[in-house]
Structure formats: structure tokens, C-alpha cells
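Chains as they are written, first to last, in the working numbering: chain Y, 53 to 477; chain S, 208 to 456.
We put the beta carbon where it would ideally sit given N, CA and C, even for glycine.
The structure presented is a predicted model; accordingly, all values stated were derived computationally and were not measured.
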Amino acid sequence: MDSTNAGLDVSSSHLNGELPTRTAAAVAAGNLAAKLSKATGRAGGIIGGRVTLALDPHALARLCKDRTVALVTGTNGKTTTTMMLAKAMSVIAPVATNHSGANMPDGLVAALSTDQTAPVGVLEIDENYLPKISDAVQPAVIVLLNLSRDQMDRVGEVRHTERNLRTAIARLRNTTVIANCDDVLVTSAAIDADTTIWVSAGGNWRGDSTSCPRCGMRVHGGATDWYCDCGFARPTPTWSVADGKMTSPTGESFELALRLPGSANEADATLALAASSHLGVPLRPALERIRTITGVGGRYTTLTRNERVVRLLLAKNPAGWAETLPLLAKSPDHPVIIAINGREADGRDKSWLWDVPFERLQGRTVIATGERSADLAVRLTYADVKHTHVPDPYQAIDSVAPGAVELVANYTAFRDLKTGLSNGS
Amino acid sequence: MVRDSVVRIGLVLPDVLGTYGDSGNATVLRKRLEWRGYRSEIVDLAVGETVPNSLDFYLLGGGEDRAQTLAVAHLTANPGMQEAASRGAVVLAICAGLQILGHDFTGTDGVTHRGLSLLDVRTTAGTWSRAVGELLTTPDPALLQASMTGFENHQGHTQVGPQARPLSKVVYGTGNGDGGDGAYAGRVVGTYMHGPVLARNPAFADLLLSWAVGEPLAPLDIPVIEKLRDERKRAVQALATRRKRLLRF
Ligand SMILES: [Zn+2]
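And the structure:
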């Protein structure tokens, strides 16, 4: 294991004028398209990225050349960790980042095009795009958070994803993978990397990794001591986090004291700190920057509608719910509204609802809402959770008593409600 | 069966089979028994442990190729489920579970693996692109009147031999790939529907439960399940309309 810092030459802002002519022209065209698109009221970034990529398919590689690039991927927590790592890196250099969740090639190109002089790129990547993008970018660091089932009908089996990541990571040279060794699938994907830094970041969800990704047999033990009879076993971490306290390889220990709630955010912060530390950022100032984050893409923030103070939470798969249920348990008196949609971006298959232990919501006021709320209502019925079924989410909010309310939504339901409630719907 | 005995439901190899929320089928069975005053127990039958032949109900879920071959090896060495089936225990197998109950199955790697030969079916890799989406069928009228609804995600082409019958006729979706979905023989039943299938199809759940308890069961009135079934049928109708097809169900 190599835990020396990779270091970073912050004086090298060099990109402008050094891009090949074709890339420079493509970036200029993309930025123009983004500007025009924004002027007409659309989200400009991705459109700009698409234009750039169409004119120069190698734009991504060229935009990353000579930059120090960190890629962040995994099933849950990508946006949060990317934002944290970008904040931490900003201690020593300007950072180009795509923290809006635009995590496919066009979104990356857009982020890098608008910020061409920043010597650091911190980029969130959809896990299924990682092989293609890491080949092009040759990143200094990949942060691998967790792997679990998400939208299976759309992107295929998580184990298939793991094998693709494993192959892509194994062929990279000079890349350090910062990986959560409490996650069996992450470990399998990262273990053949050139250099690995293992982080014990925990995880409440084991449903997708009870069988070994290497031999198919049952994995024994818990998050911090798992092993398989074939010899595949949890590596020893140099970083760890437990009960809100992070420990670094030198034995330094800090209370994370984040303003974002829950253990998932503590895990993400520790992985971000391990990455920034490897890239040369001192630990304390990095953590100070991370602590300034109060919301991620509208998550955890509260919005008010008709005297209901709504806290918006995103949970789009069983692993997300494994983190969300303990969070809800901290406010047992608040009603819980659950919004489930089933559009393309959410996945049409709602069978994962049966892998969430909704039984833990028994005794609370629960409202099922969203376009696929009938699926949820049936699940809650079999979980013996008394609930009302109000398909329209705004009516669902109005149906509870004024005061605090927890609203947990999956992807498009969350996105629409965030916008709707912010605009006074 | 008398009511003070316990209906024992085995979840077969949930640690390797059972993606797609398939354990939800066990939840549905237990609750539908409980609401009618029957006691039940769910037994996890993990890899490496012997499989008892004393249970009333065995559930097998989906899983990928490697999980399937592992499951066949384990269940061949520990044939408790097959012994129970031969004396009339109920077996419900979903997707990959259906495939391993057959004589053989060919995985996406092109390799043919032996199955358990508990159902007269064989599965090859379908030549079509992966079947992913809503599946709507009309079950064999000898079993059920209500249509069946579920979600499929597989690439198997399953042929049903003379010792078994297709469970249902496909109205929309792929199923076995030849117009039918699943298969049954006696009380051994397989389908490509997850969703989970028993949550979406209460009449099917009650049919299997009546086999397990040995008497007909009083109906349960749960309106939201009918709402869900109507909604899924309408969704399928809308998909078919887009392809200019009129569905009858
Ligand atoms: Zn193993």
C-alpha cells in the first residue's frame, strides 16, 4: 500500500490556449450553445457538453490532460462526496466540478469546459460510465463509495457493474483508488488497482453482497470483519469512521461534526478526506471546508408549504433506505410522506420496495404518494404500517397536521418536489 | 390442516437467489395466513446448510448464472425440497428459480448446466434482447380465473415439455418466449414474474396457500391491491396502444 501524497502542482494552470485547435473550437461552440440554451430558459450545461462532444469526441480526455482529476462513483452518495471532495480540494487550488448530478460524459465535458483554468477536476461519474471515462481521463484518484442495486431494470445487475469496474480499474496505471472496504462488492472492484487506500466507511445494507463476487459462495461476518472461504476477505483499512468520529492513518482522530445528518454522510466525508489528503490537502482545513456544506442538491433542506415544514430526503433504493430509516427514527413524532415515481430515470421495476424494512415505520403517521404510490401502499399494507394513500404529493403534504414533516422521495419525485416547493407550489 | 399447527415456509438459498424483492413473496404468504388466523414461520435455507424435507412451502427467487449453478449443486446434494415436493409440498420458483427446476438451462455464457428436473422444462438463452418490463398473462383456467400481472427481467427461452403445462398465456410481455409464461406440474409452479408475483396476484397467492393448508381460504378484501392491479393493467394497455395493439384480458 502506498499512502504517500501524490502532491499537486497548483501553479500549473495551463489549459487555455494549450487545447488542440479542434477541442478549443468544440469547447467554444459548446459554451455558446450552453449560453443560448440558458438564455431560452433551459439547463444549458449538458447541451453545451453534448455539442462539444459531437464536434470533438476526444474532448473529455483533452480537457483533463494536465489536470489532477478525481473521479467519484458508486451507487449512493456520489453527489454528496463529489461536493465534499471539491470543497476539500479548494483549500489548495481552484476546482472544476459537476456537482449538479450531471454525471455522464456530456455533463463532465460541460463542467470542465466552463472552468478551463482550474488545475483540479473533481467529477461525479455514473458507475456504468466509469470504464469509458477512466480510460480517457487516466485519473489521479478514483473514490469508490458503495455498490448496490439501483434501477436494475435499466442498468443491469450490480454484479455485472462490479465486474466492469474491476476490469477498468485493473488496467489503470498511476491511479489510486480510495475504496470502502466494508462493502464487499467495492472491495472486489478495487482490489486489483495499482494502489489502493482502504477506508472503513461502514454500510447498513448487505442485501446485494451476501454471496461472494469472486466465487459465488456465502460471505461470512459483518461489515468490518467479512470473509469468504475462497480467501477473498476484507482488507485492513488505514482510515475509518464510526459514531461520527474519523480516524486517519497517522492515528489522528476527529469528530466530524457535519451539518449534514446521518452515518451515510459521515462515510462520504471520510472517503473525501482520505482522497483530499492523498492529493496533498491538510486534514483540518479540508474538514473545515466540508463542514460548511448544509445541503446537497436540495437534500436535507426544509421547504415550507401551508405551514408544513417539509424536510426533503432522497432514497431511491434499498441501500438508500437503510440509511434513511435510522434518520427517520430520530424524529418519531413527525409524519412521514413517501413519494415513489416509476419513470425511466427511476426504474420501472418497483420490486425493490419489498427489500426495504418498512415494518420499522409501524405506529407512525405515514402517507404513500407519487405516481407509483399504489405499489408502495400494497407494500405498506403487508408491512402492517397504517397509512393513507394520497397519490398527489402536494395533497399528501396538506393532509398532515401543520408542523414538521419528513418527505422521502425517489429520484424524479424528489426532483419535481424540490422545484415545486421552492417555487411555492 | 388444523389451525393450531404452523405453516412452514422455506426461503430457498436467499443468500444467493432472491434478487428482485423475491423474499416479498414470503412476506405476502405469512401475512395472508396471519390475517386469517393461521400461524406460519419463515425458514431461511442458507447455502451450506441441509435442506429439510418437512416444510409446507418452498420459495425460490431469481439470481444470476453463478448463483444458479451453485443452487443446483447445493440442492442436488441436499434434496430435501425435491423429497417434500414428491409428497405434495408447494414449490414456487421465480425466474432463475424456474430455470433451475428444469432439466437444464443455458446461461448467458453459452454453457449448458444441469437442473433439478423437478419440472419438465428446459431453458436456452433467448435470441431476443433481454426481456425487461411489464408482463401480463391469462393463467390456465384450470387453476385461476383472474389475470396475472408482474415484471420480468431475464433472457431465458423456456420450453415446457409434456409432463408440465404452461402456467399462463402471455397477453403482453415475453414470458417463456413462445406465448406462454412459466410452468406447473402438480404443486410445483414456476413463473418469470417478479414484482413480487404474490403481492400483485392475491388470487394466485391464495391458490398456493389453499394447497399448503389443505382447505379453501376465505377471501380477503384489500382494495389497494385491486387498485394496483388495475393501474398496472392500464399501464400495459397504454404501452400496447403505443405499438398499435389491442389487448384482451
Ligand atoms: Zn469467495
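Proximal chain S residues relative to residue i, where beta-carbon distance stays under 7 Å
i	result
residue 441/Y	431
residue 429/Y	431
residue 426/Y	431, 434, 435, 438
residue 433/Y	429, 431
residue 214/Y	Result: empty, since nearest Cβ-Cβ is about 11 Å, beyond 7 Å.
residue 211/Y	271
CB-CB length for residue i against residue j, believed under 8 Å
i	j	result
residue 408/Y	residue 421/Y	Contact doesn't hold; Cβ gap of about 16 Å is too wide.
residue 352/Y	residue 313/Y	6 Å
residue 434/Y	residue 434/S	The Cβ separation is near 15 Å, so there is no contact.
residue 242/Y	residue 248/Y	5 Å
residue 163/Y	residue 150/Y	4 Å
residue 416/Y	residue 445/Y	No, residue 416/Y and residue 445/Y are not in contact; Cβ-Cβ is about 18 Å, not under 8 Å.
residue 121/Y	residue 192/Y	6 Å
Run of the alpha helix (DSSP H) containing residue i, from where it starts to where it stops
i	result
residue 443/S	430-449
residue 291/S	287-293
residue 475/Y	Neither: residue 475/Y is in no alpha helix (DSSP H) and is coded neither H nor E.
residue 416/S	409-420
residue 209/Y	Element bounds for residue 209/Y: n/a, residue is neither H nor E.
residue 281/S	272-284
residue 237/S	231-241
residue 330/Y	315-330
residue 447/Y	445-450
residue 428/Y	425-434
residue 343/Y	335-343
residue 161/Y	157-166
residue 133/Y	130-141
residue 239/Y	236-242
Neighbourhood of residue i by C-beta distance below 7 Å, restricted to the same chain and skipping five residues each side
i	result
residue 386/S	376, 377
residue 403/S	228, 229, 231, 232, 235
residue 473/Y	355, 357, 362
residue 362/S	315, 332, 333, 337, 338
Chain Y residues whose Cβ lies nearer than 9 Å to that of residue i
i	result
residue 285/S	Chain Y residues near residue 285/S: none, gap ~14 Å exceeds 9 Å.
residue 304/S	Within 9 Å Cβ-Cβ: nothing; residue 304/S doesn't reach chain Y, min ~14 Å.
residue 223/S	262, 263, 268, 269, 270
residue 262/S	Within chain Y, no residue comes near residue 262/S; the closest Cβ sits about 20 Å away, beyond 9 Å.
Per DSSP, cross-strand counterpart(s) of residue i
i	result
residue 461/Y	366/Y, 391/Y
residue 366/S	329/S
residue 339/S	360/S
residue 300/S	267/S, 397/S
residue 292/Y	252/Y, 299/Y
residue 306/Y	298/Y
residue 230/Y	195/Y, 249/Y
residue 419/Y	389/Y, 440/Y
Within chain Y, partners of residue i - CB distance below 8 Å
i	result
residue 254/S	263, 269, 270
residue 230/S	406, 407
residue 406/S	406, 430, 431, 434
residue 274/S	263, 268
Own chain residues within Cβ distance below 6 Å of residue i, not counting five before or after
i	result
residue 413/S	424
residue 438/S	none
residue 368/S	327
residue 398/Y	462, 463, 464
residue 459/Y	362, 364, 389
residue 366/S	329
Contact set between residue i and chain Y, taken where Cβ atoms lie within less than 7 Å
i	result
residue 348/S	Within 7 Å Cβ-Cβ: nothing; residue 348/S doesn't reach chain Y, min ~26 Å.
residue 235/S	434
residue 401/S	403
residue 238/S	434
Extent of the continuous beta strand (DSSP E) to which residue i belongs
i	result
residue 173/Y	172-176
residue 355/S	355-361
residue 297/Y	297-299
residue 186/Y	No beta strand (DSSP E) contains residue 186/Y, which is instead part of the alpha helix (DSSP H) from 182-189.
residue 440/Y	439-441
residue 247/S	246-252
residue 194/Y	193-196
residue 215/S	213-219
residue 378/S	375-379
residue 123/Y	120-125
Cutoff 8 Å; reference residue i; Cβ partners in own chain excluding five residues on either side
i	result
residue 445/S	none
residue 247/S	213, 214, 215, 216, 236, 237, 240, 241
residue 381/Y	412
Residues that residue i contacts on chain S, provided the C-beta gap is smaller than 8 Å
i	result
residue 413/Y	Result: empty, since nearest Cβ-Cβ is about 15 Å, beyond 8 Å.
Chain S contact residues for residue i, given Cβ-Cβ distances below 9 Å
i	result
residue 286/Y	Within 9 Å Cβ-Cβ: nothing; residue 286/Y doesn't reach chain S, min ~18 Å.
residue 395/Y	By Cβ distance, chain S contributes nothing, its closest Cβ being about 12 Å from residue 395/Y, past 9 Å.
In chain order, what residues of the segment 358-379 of chain S put their CB closer than 9 Å to some CB of chain A? Considering every chain present, this structure includes no chain A. Its protein chains are Y and S.
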